[in-house]
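So the structure is just underneath, and the comments pick up after that.
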Amino acid sequence: MNFLTKPSMFRSCLGLAIGIVLFICSFPIAFSKTPWDITQLSPIFIVVYLLPLLSHCQKYPSYVFLKAWGFYFVGLLGILYWITISMRNYGNLSIPLSLVGLIGTCLFRGLFAATSIWLWQRYSVPKTQWMLGTALLTIQDWLLHFIPFGGFAWISSGYALIPDIYWIQCADWVGIHGLNFSVYLLTFLLFAHLQRQHKRCMKKTIPIVALVLIIHMYGFFKYTAVKHETVPATLKIGWVQGNIHQSLKWKPSEKKRILLKYRLQTEQLLLQQPDLVVWPEASVPVSQLQDAKHVHEININSQDTPVLFGAPSYTYKNRKKAFYNSAFLTKPDGEILFRYDKMYLVPFGEFVPTFGLDLSKKIPILAGSFDAGDKIEVADLKGHPFGISICYEILYPRMFRALAQKGATFFVNITNDAWFNLSSGPFQHLRFSAIRAIETRKPLIRVANTGISALYMPSGDILYRSELFSDDRRIVEIAPSDKRTFFVFFPYTAHVVVLIFISLGFLSRRHAVQRERV
């Protein structure tokens, strides 16, 4: 521990500790029904948290990969601690196994960031280090939308910007990847300025200020225009937040009580003549639904109003049962108007990866895994196409872009966040909806079993929001929109800029090496 007696090393390690705390505070923190107010400062925290690590890696270049991995691992433990709660409450796993799940997730997620920091420290040169660093960290966030097993992009930097309503408006041009890029660009410009590594470094102040001003000027004018756009509401959507505890949800003895609760709440909503009533994910506690005759047992007395609800279902594929986490749009007589099978499943929650091997006979738990749906289609409500997503799918901008391209004029996301319990999970999960609404500039209705149900406007504002772990029923009015944003047409703006940055970064490195050899 003698290294801590050196003032410079002690300050550097203290800076790393502060950076980890700022990283944790960049995302909602909660241990009750209310998150900490400090989250409102997350746009500042997400920009500066990385500065101590970058400085430390330059001053002490040994073991950079391990230092960065440890930095992110500790920070991610603080952000994703709810994984142990979910595995205990939802998966009925022991505490040791739940901890293994948390540690494994944080180690794997931190691996991407640590690799990016190592590549930056290893291959960057002072003149273009800000380009290479920005590109590498943006790439690692992008990769996490696909890896592992379909992606786990829960901790993308751009989501920490949501309290800054003006900053996130540019998502209609560049999407979440562009927001990630803007965060890292500002971070590395600040770092280059603070390091004063070359004579023109003071000029870095100008691009920093210009970047912030341009983003916020666009955001201000766009937000004002969208918010004050006079489009009359043409649809009334009702939602029922049943608030069914996870421990009761699948008990056979509770089935009638749960269905009765939803029916009674729906009947109250029908007095206001909604165009659609939405129940949450897996709100119908039946083991399997296949066709209309099974839907009759739900006995939804909804007059002429269709009901959208979630339930497990199955079909036969290659003479075998394929199980799905599904959403059904039904008529009052039980006729199924539309069915959607969830495409993006939660790894180790809704399915266990088997890499194409049939292990269900040897490992019984695998027999309960869901299969992934294979179709993205839009449903119809009185001539207004709309997109349906289930829970975790709210993380995937490519899905919402595809729905918008197919003509969706608004979105409905149904979810069951009961398995988060009283933790940061529900508040972190809620945030993704704001970016999806802005990327497509369409209303987004989120209906959750235990909360938080919400209506997001195309501006990213929450117009209505329920409380966590409470009963809630509400009618909201929306104006469906058939407009398409630039992001829907071309989502690769950030990718193009990243490609340019990374090319210039590595070319600068190559030229520097060649000059050294001369």
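Residue numbers (our numbering): 414 to 931. Idealized CB from N, CA, C, for every residue including glycine.
| Just how far apart, CA to CA, sit K446 and W692? | Spanning the two alpha carbons is a distance of roughly 22 Å.
| query | Does the separation of the CB atoms of F914 and T547 fall below 8 Å? | reply | yes
| query | Can you name, in chain order, every residue of its own chain whose Cβ lies under 6 Å from the Cβ of N593, other than the five neighbours on each side? | reply | T551, D554, S569, S570, G571
| query | So, do the region 851-865 and the region 460-469 have three or more beta carbon pairs nearer to each other than 8 Å? | reply | no
| query | What is the DSSP secondary structure of K446, counted as helix, strand or coil? | reply | Shown here, K446 sits in coil according to DSSP, grouped into three states, outside any helix or strand.
| said: Can you find the residues in the same chain that come closer than 6 Å, C-beta to C-beta, to G838, ignoring five residues on each side of it along the sequence? | reply: W495
| task | Leaving out five residues on either side along the sequence, give the residues of the same chain with a beta carbon under 7 Å from the beta carbon of T418. | result | Residue placement at T418 is poorly supported in this model, since its pLDDT is 47, which falls under 50; the coordinates still yield a value, given next. So the list is empty, once near-sequence residues are dropped.
| field | Length of the line joining the Cα atoms of H558 and I875 | value | If I take the Cα positions, the gap works out to 25 Å.
| field | Contact under 8 Å by Cβ, L742 with L648 | value | no
| task | Return the bridge partner residues of R648 from the DSSP annotation. | result | Note that residue 648 corresponds to Leu in the displayed sequence, not to Arg. Paired residues: I891.
| field | Under 8 Å between C-beta atoms of I498 and P810 | value | no
| query | Where does F824 sit, in a helix, a strand or coil, going by DSSP? | reply | strand
| field | Which residues DSSP lists as bridging N738, in chain order | value | P725
| query | Should D754 be labelled buried (16 or more other beta-carbon atoms within 10 Å of its own) or exposed? | reply | buried
| said: Based on DSSP bridge pairs, tell me the residues matched to S802. | reply: N826
| query | With C-beta atoms as the reference, is F736 less than 8 Å away from Y727? | reply | A contact, by the Cβ cut-off of 8 Å.
| message | Does L779 come out as helix, strand or coil in the three-state DSSP assignment? | response | Only weak support is given to the placement of L779: the predicted model assigns it a pLDDT of 41, under 50, and the value that follows is read from those uncertain coordinates. Reduced to three states, the DSSP call for L779 is helix.
| said: So, with DSSP's three-state summary, where would you put T743? | reply: strand
| task | Could you say which of L598, F783, F840 lies nearest to Y757 if we only look at CA atoms? | result | Proximity to Y757 across L598, F783, F840 peaks at F783, based on C-alpha coordinates.
| In whole angstroms, what separates the C-alpha of V644 from that of A892? | 6 Å
| message | Give me the DSSP bridge partner(s) of V653. | response | R886
| Should G796 be labelled buried (16 or more other beta-carbon atoms within 10 Å of its own) or exposed? | exposed
| message | Quick check on this structure: which residue in F900, R887, E880, I581 has the alpha carbon closest to the alpha carbon of L816? | response | F900
| Just reading off the alpha helix (DSSP H) that V860 is part of, what are its end residues? | No alpha helix (DSSP H) holds V860; the beta strand (DSSP E) holding it covers 857-861.
| said: At the level of alpha carbons, what is the spacing between G488 and S872? | reply: 31 Å
| query | Is it the case that the Cβ atoms of Y536 and L545 are separated by a distance below 8 Å? | reply | yes
| message | Check this for me: beta carbons of Q686 and P441, under 8 Å apart or not? | response | no
| said: Could you check whether the region 658-667 touches the region 617-634, counting it as contact only if at least three pairs of C-beta atoms, one from each stretch, sit closer than 8 Å? | reply: Under the Cβ criterion (8 Å, minimum of three pairs), the region 658-667 does not count as touching the region 617-634.
| query | Looking only at its own chain, which residues have a Cβ that is under 7 Å from the Cβ of Y579, when we skip the five neighbours before and after it? | reply | H629, G632, F633, Y636
| request: Check whether the Cβ atoms of L599 and L574 sit closer than 8 Å, and answer yes or no. | output: no
| field | Residue burial classification, A638 (beta-carbon count within 10 angstroms, cutoff 16) | value | exposed
| field | 4-residue-minimum alpha helix (DSSP H) runs that sit fully inside the region 534-599, ordered along the chain | value | Along the region 534-599, the alpha helix (DSSP H) occurs as fully enclosed runs of 4 or more residues at 542-556, listed in sequence order.
| query | Taking Cβ to Cβ, would you say F833 is nearer than 8 Å to G800? | reply | Not closer than 8 Å, so no.
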